[in-house]
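Following: one structure in structure tokens, then a few remarks.
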């Protein structure tokens, strides 16, 4: 599960190419990416990170990890909501259509 999450993160990062940044920002010629893992979920890097985190908590079984899970999820949720607001400003029609067809974190569910 952890390896699958890591692979999903790497795939998403390479799919973003030069659009990727460690902080939320738009670069010259920024484009909306909807292919590859972005055709499955809108935030595949976060999906991969959450998958790795959950896998680690399951394997280690520490109470602290179980307690931290909701905090990690809420933190990522807040960040992705901020990113989506920016994407809607940059790509109003395209991103709204993308939101209607692709879930945020879990394909077909969430």
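In the numbering used here, the protein residues as written are 7 to 116.
For each residue, glycine too, the CB sits at the ideal point set by N, CA and C.
| Asked | Found |
| --- | --- |
| Assuming residue 62 contacts residue 71 under a Cβ cut-off of 8 Å, what Cβ separation, rounded to an integer in Å, is found between them? | 7 Å |
| Is it buried or exposed for residue 24, if we count other Cβ within 10 angstroms and need 16 for buried? | exposed |
| What does the alpha-carbon distance come out to for the pair residue 77 and residue 115? | 20 Å |
| Taking 7 Å as the cut-off, decide whether the C-beta atoms of residue 82 and residue 52 are in contact. | yes |
| From residue 86 to residue 66, what does the alpha carbon distance come to, in whole angstroms? | 27 Å |
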